[in-house]
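Numbering (this note's numbering), first residue to last: 8 to 144.
Report on one structure; see the data block that follows.
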């Protein structure tokens, strides 16, 4: 039984890998380009008024992450297209994927853990400040 190419270390860590298949290359170009486009679009959307503070921060954080990782992915794709030794190796895509997974985990933790906690603290503070005297204007 032969090991599939994607599971071989020589596929990922070859300093001078063969070029991508054209369909894979175009697919990666579309994915990374979509990341950049969605990141820019997310930043533009948050410029409109009416956003709640925490949801705006979440969208900005997500948009920035997508734009940065899309640009970095396009850089990796360009290095692989030009067949630059070591920098064009496919192992960098593993580093990219691990770093992207870490950032997605941080964003999801912010959305699922930190935002509810901050909302709870804000409602407690507003309930307490309701009874505090206000400065006269």
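Idealized CB from N, CA, C, for every residue including glycine.
Straight-line CA distance for residue 128 to residue 81?
In the chain shown, the residue the question calls residue 128 occupies position 121. In the chain shown, the residue the question calls residue 81 occupies position 74. If you take the alpha carbons of residue 128 and residue 81, they lie about 41 Å apart.
Going by C-alpha to C-alpha distance, which of 93, 90 and 118 sits closest to residue 68?
On the chain shown, residue 68 is found 61 positions in, with the first residue counted as 1. The residue from 93, 90 and 118 with its alpha-carbon nearest to that of residue 68 is 118.
If you measure between the beta carbons of residue 96 and residue 22, is that distance less than 9 Å?
As a working mapping, residue 96 is identified with position 89 in the chain shown. As a working mapping, residue 22 is identified with position 15 in the chain shown. Taking 9 Å as the Cβ cut-off, residue 96 and residue 22 qualify as a contacting pair.
As assigned by DSSP and simplified to three states, the class of residue 61:
Mapped onto the chain shown, residue 61 falls at position 54. Helix at residue 61.
Taking 9 Å as the cut-off, decide whether the C-beta atoms of residue 74 and residue 46 are in contact.
Counting from 1 along the chain shown, the entry for residue 74 is found at position 67. Counting from 1 along the chain shown, the entry for residue 46 is found at position 39. Contact annotation: residue 74 and residue 46 have beta-carbon atoms nearer than 9 Å.
For residue 53 and residue 35, the rounded distance between their alpha carbons
Within the chain shown, residue 35 is the residue found at index 28, counting from 1. Within the chain shown, residue 53 is the residue found at index 46, counting from 1. Using only the alpha carbons, I get a separation of about 27 Å.
Less than 8 Å between the CB atoms is what I'm expecting for residue 70 and residue 57, so what's the real figure, rounded?
Stepping through the chain shown from its first residue, residue 70 is reached at position 63. Stepping through the chain shown from its first residue, residue 57 is reached at position 50. Actually they do not touch by this definition, with Cβ atoms about 17 Å apart.
Whose CA, out of 122, 142 and 84, lies closest to the CA of residue 38?
Translated into the one-based positions of the chain shown, residue 38 becomes position 31. Proximity to residue 38 across 122, 142 and 84 peaks at 84, based on C-alpha coordinates.
Helix, strand or coil at residue 112 [DSSP, three-state]:
One-based indexing of the chain shown puts residue 112 at position 105. Three-state result, residue 112: helix.
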